[in-house]
Amino acid sequence: MVIPINGSWLVLSIALMLSSHGMIITAQHQEVNYDTNDPHRTAYHFQPPQNWMNDPNGPLVYKGIYHLFYQYNPNGAFWQPDIVWAHSTSTDLINWTPQPIALTPSEPYDINGCWSGSTTILPGDIPAILYTGFSNQKYEVQNLALPKNLSDPYLKEWTKVPLNPLMVVTPNNNHSFNASSIRDPTTAWRLADGKWRLIIGTHQGKRGIAVLYTSKDFATWNYVERFFHSAEDNGMWECPDFFPVYVGKSLGADISVIGKDVKHVFKVSLFDTQYEYYTIGTYDINKDIYVPNEGSIESDLGLRYDYGKFYASKSFFDSMTDRRIVFGWVNESLTQTEFMIKGWFGIQAIPRTIVLDQSGKQLVQWPVKEVETLREKNHVEWLSQVIKGGSLIEISGITSSQADVEISFKVPDLTYVEELDQTWTNPQILCSLKGTSIEGGLGPFGLLTLASTGLEEYTAIFFRIFKGPNKYVVLMCSDPSRSTLNPTTDKLSFGTFVDVDPEDLSLRTLIDHSIVESFGANGKSCITTRVYPTLAINDKTKLYAFNYGTVNVNITKLNAWSMKKAQINLSKNMEYHNEEHKDEL
Ligand code: DQQ
4 MVIPINGSWL VLSIALMLSS HGMIITAQHQ EVNYDTNDPH RTAYHFQPPQ NWMNDPNGPL
64 VYKGIYHLFY QYNPNGAFWQ PDIVWAHSTS TDLINWTPQP IALTPSEPYD INGCWSGSTT
124 ILPGDIPAIL YTGFSNQKYE VQNLALPKNL SDPYLKEWTK VPLNPLMVVT PNNNHSFNAS
184 SIRDPTTAWR LADGKWRLII GTHQGKRGIA VLYTSKDFAT WNYVERFFHS AEDNGMWECP
244 DFFPVYVGKS LGADISVIGK DVKHVFKVSL FDTQYEYYTI GTYDINKDIY VPNEGSIESD
304 LGLRYDYGKF YASKSFFDSM TDRRIVFGWV NESLTQTEFM IKGWFGIQAI PRTIVLDQSG
364 KQLVQWPVKE VETLREKNHV EWLSQVIKGG SLIEISGITS SQADVEISFK VPDLTYVEEL
424 DQTWTNPQIL CSLKGTSIEG GLGPFGLLTL ASTGLEEYTA IFFRIFKGPN KYVVLMCSDP
484 SRSTLNPTTD KLSFGTFVDV DPEDLSLRTL IDHSIVESFG ANGKSCITTR VYPTLAINDK
544 TKLYAFNYGT VNVNITKLNA WSMKKAQINL SKNMEYHNEE HKDEL
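Under our numbering, the first residue of the sequence shown carries the number 4, and numbering increases by one thereafter.
Structure below.
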């Protein structure tokens with residue numbers, strides 16, 4: 004098939020096949036340079052120069068340099084099993100330099116693909132990659148790779164150890180797992196007995212399972228019969244993450260920290276729904292199991308890092324700044340033909356710090372402070388403004404397609420709050436039911452981002468307040484139903500209930516051409532949406548504060564900045580260009 008695109012030709016050799024990412028894969032090789040005028044290409048979110056990217060893999064900091072690996076297809080904007088670990092480095096988590104591919108399929112144990120995994124810092128400051136290999140028999144096995152040269156802070160070359168594969172489940176070794184569904188090893192941690200531990204995601208029917216492996220030397224790994232954690236009605240658990248968080252301290256904890264002042268977080272990515280859930284609980288070190296707090300679940304009404312598009316996330320402890328930082332993959336909402344033509348697929352969310360909320364009941368996330376270095380000096384500031392019911396106010400004076408906005412609201416009067424119907428238990432469905440144009444008592448109020456001049460297009464992020472049986476309930480929604488005139492784009496609304504005082508609400512939104520990342524109530528609830536405006540592009544984009552409820556609301560503070568373009572993986576051939584980015588060194 005030959006498709007003309009922007010003067011160049013896209014050549015696709017078609018061979019239909021269903022991928023693990025649920026999409027029809029058609030090409031063995033695709034040659035396309037993305038259009039530099041593509042209005043949906045982002046300016047400060049991590050992405051490769053072109054082609055397909057999915058999960059973030061093994062983030063770490065080594066000798067003052069941040070490393071991000073990621074699942075990448077060098078052959079085109081589609082997923083295929085024999086995917087590689089691409090690699091970039093940074094000194095600030097925002098500007099990134101491409102490095103040579105770190106892992107490519109080469110051995111019988113990974114010849115069909117180098118799939119997701121993590122890094123662990125071994126004693127002596129030695130970073131180690133553990134990843135899933137998709138083997139010549141199409142089994143998922145776990146392998147180790149080590150840096151070739153420890154004096155290279157960029158860790159450009161990696162060696163797969165001769166002992167690989169280190170962890171193997173086969174139909175013959177009595178494990179009752181599907182040998183083709185056991186993957187994504189976590190960072191390993193070590194307890195006082197000196198033994199390393201890690202977990203891997205799998206399933207038995209609809210039961211999602213995290214199996215535990217232990218090792219004395221990081222080379223020989225023993226399978227532990229008792230599941231580390233499992234849950235019914237989940238299906239395959241991908242990309243588990245397990246880490247401690249301090250109680251009452253806004254600092255990150257290193258992976259092996261245990262004690263009375265920490266709780267543990269367990270996160271899984273559900274293959275069946277492509278959503279992630281986390282629970283907070285206790286690591287029982289005597290039984291070597293994780294026990295979630297009572298009532299915490301990994302599905303339906305469970306807690307999520309992000310109630311929008313955010314998957315296969317991976318956290319790491321930044322020992323330079325004592326932060327736990329999480330990366331998450333943000334999928335596209337386009338049809339397959341559309342993204343194949345664009346020649347690129349997938350971005351990473353802005354890395355977020357992650358801490359336990361004061362309540363101890365949930366996590367709080369915030370974009371790493373380094374992203375603020377992209378804020379242009381001249382910004383818009385409002386101190387106080389009433390936003391009348393049924394009105395909107397333009398936030399002018401910034402580049403609205405590439406912006407960072409912080410807005411706080413005070414609700415003066417809760418008398419006219421709408422009653423919460425007892426059947427409205429699912430916030431996402433409630434957000435679809437009560438979209439931006441549905442007038443409420445208090446709300447919807449918030450931001451209209453990526454809006455066109457005549458408001459034919461916009462993506463709304465807003466709050467609505469309801470009166471529940473015993474308390475007020477705050478709903479936060481992201482509504483992309485009017486985000487584009489393109490009829491084929493997925494325009495699903497996302498939403499969540501926010502555990503917050505309804506009278507004081509705040510919202511921070513990062514806007515970057517085709518992504519809107521929102522942090523409600525100082526990071527208690529996050530929603531990321533991908534949108535593809537046709538009119539509201541580049542300098543034709545507008546931004547508004549709006550209140551389509553009946554009751555007036557006060558804006559107590561607003562700060563909005565234009566964002567500079569970050570230097571991200573500028574080289575097209577993914578080679579390391581020292582000269583181009585020598586400022587980073
Ligand atoms: N993506 C990887 C797998 C992982 C999945 C393959 C999650 O290792 O389970 O690209 O998106």
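A virtual CB, placed ideally from N, CA and C, is assigned to each residue, including glycine.
If you draw a straight line from the alpha carbon of Leu359 to that of Trp369, how long is it in whole angstroms?
Whole-angstrom Cα-Cα distance: 12 Å.
Extract the residue ranges of the alpha helix (DSSP H) inside the stretch 469 to 527, only unbroken runs of 4 or more that lie entirely within it.
You should have found no qualifying run.
If you draw a straight line from the alpha carbon of Asn57 to that of Asp38, how long is it in whole angstroms?
Rounded to the nearest angstrom, the two C-alpha atoms are 21 Å apart.
Along the chain, which unbroken stretches of the beta strand (DSSP E) at least 3 residues long are found entirely within the stretch 417 to 456?
Fully enclosed beta strand (DSSP E) runs of 3 or longer: 445 to 454.
Closer than 6 Å to a non-hydrogen atom of the ligand GDP - does that hold for the CB of Asn555?
Because the ligand GDP does not appear in the structure shown, any question about it cannot be addressed here, the ligands present being the ligand DQQ.
Between Gln425 and Leu433, what straight-line distance do the alpha-carbon atoms span, to the nearest angstrom?
Spanning the two alpha carbons is a distance of roughly 12 Å.
In three-state terms, what does DSSP make of Glu459?
If DSSP states are grouped into helix, strand and coil, Glu459 belongs with coil.
Classify Glu384 as buried or exposed, calling it buried when 16 or more other Cβ atoms lie within 10 Å of its own Cβ.
Answer is exposed; the Cβ neighbour count stays below 16.
How do the stretch 242 to 250 and the stretch 337 to 351 stand: do at least 3 beta-carbon pairs fall below 8 Å, yes or no?
Segments in contact, no.
Which residues mark the beginning and the end of the alpha helix (DSSP H) in which Ile344 is found?
Note, Ile344: alpha helix (DSSP H), 339 to 345.
Would you tell me roughly how many angstroms separate the C-alpha atoms of Gln365 and Arg485, rounded to the nearest one?
Gln365 and Arg485: Cα-Cα distance of roughly 32 Å.
With C-beta atoms as the reference, is Ala102 less than 7 Å away from Tyr157?
Per the sequence shown, the amino acid found at residue 102 is Gln instead of Ala. Cβ distance < 7 Å, so Gln102 and Tyr157 count as in contact.
Provide the residue span of the beta strand (DSSP E) that contains Ser218, from first to last.
210 to 218 is the span of the beta strand (DSSP E), which, as asked, contains Ser218.
How about Thr217: is its Cβ closer than 6 Å to a heavy atom in the ligand DQQ?
The answer is no for Thr217.
State yes or no: is the C-beta of Glu301 nearer than 6 Å to some heavy atom of the ligand DQQ?
Glu301: no, Cβ never under 6 Å from the ligand DQQ.
Could you tell me which whole beta strand (DSSP E) segments of length 3 or greater appear in the stretch 122 to 193?
Counting only runs of 3 or more, we get 129 to 137, 143 to 150, 161 to 163.
Between which two residues does the beta strand (DSSP E) carrying Ala563 extend?
Start and end: 556 to 566.
Are the stretch 563 to 575 and the stretch 491 to 507 touching by the rule of at least three beta carbon pairs closer than 8 Å?
Segments in contact, no.
Just checking Asp244 against the ligand DQQ - is the residue's beta carbon closer than 6 Å to any of the ligand's heavy atoms?
Because no heavy atom of the ligand DQQ lies under 6 Å away, the Cβ of Asp244 does not count as near it: no.
From which residue to which residue does the beta strand (DSSP E) around Val87 run?
Where Val87 is concerned, the enclosing beta strand (DSSP E) stretches over 87 to 93.
Name, in chain order, the residues that DSSP records as bridge partners for Pro247.
Beta-bridge pairing links Pro247 to His267.
Just checking my contact of Asn557 with Ser387 at CB under 8 Å: how many whole Å lie between their CB atoms?
Confirmed, about 7 Å.
Which of the three DSSP states is assigned to Lys317 in this structure?
If DSSP states are grouped into helix, strand and coil, Lys317 belongs with the strands.
I need the straight-line Cα distance from Asn54 to Val248, nearest angstrom please.
Near 36 Å, if we compare the C-alpha coordinates of Val248 and Asn54.
Please state if the CB of Ile68 and the CB of Glu373 are separated by a distance shorter than 7 Å.
No, the pair does not count as a contact, with Cβ atoms beyond the cut-off.
Kindly give me the distance between the Cβ atoms of Val371 and Ile357, rounded to whole angstroms, as I take these residues to be in contact under 8 Å.
At roughly 10 Å, the Cβ-Cβ gap does not stay under 8 Å, so Val371 and Ile357 are not in contact.
Mind checking which residues open and close the beta strand (DSSP E) that includes Pro52?
Counting along the chain, Pro52 falls outside any beta strand (DSSP E), and DSSP gives it neither H nor E.
With C-beta atoms as the reference, is Ser183 less than 7 Å away from Lys141?
Yes, these two residues count as a Cβ contact at 7 Å.
Along the beta strand (DSSP E) that carries Glu409, what are the first and last residues, could you check?
Its beta strand (DSSP E) spans residues 405 to 413.
Between the C-alpha atoms of Phe72 and Phe469, what's the straight-line distance to the nearest angstrom?
Looking at the two C-alpha atoms, the distance is approximately 43 Å.
How would you label Thr29, buried or exposed, when you count the other beta carbons within 10 angstroms and need 16 or more for buried?
Because Thr29 carries a pLDDT of 40, less than 50, the predicted location of this residue cannot be relied on, and the following value inherits that uncertainty. Thr29 comes out buried.
Looking at Ala563 and Ile401, is the spacing between their C-beta atoms short of 7 Å?
Contact flag set, yes.
Does Gly116 come within less than 7 Å of chain D when only Cβ atoms are used?
Of the protein chains in the structure, only one exists, and it is not chain D.
With 16 as the cutoff for other CB atoms within 10 Å, does Asp113 come out buried or exposed?
Per the 10 Å Cβ criterion, buried.
Is there at least one non-hydrogen atom of the ligand DQQ closer than 6 Å to the beta-carbon of Asp85?
Checking every heavy atom of the ligand DQQ against the Cβ of Asp85, none is found closer than 6 Å.
Name the two residues that bound the continuous beta strand (DSSP E) containing Ile202.
Residues 199 to 207.
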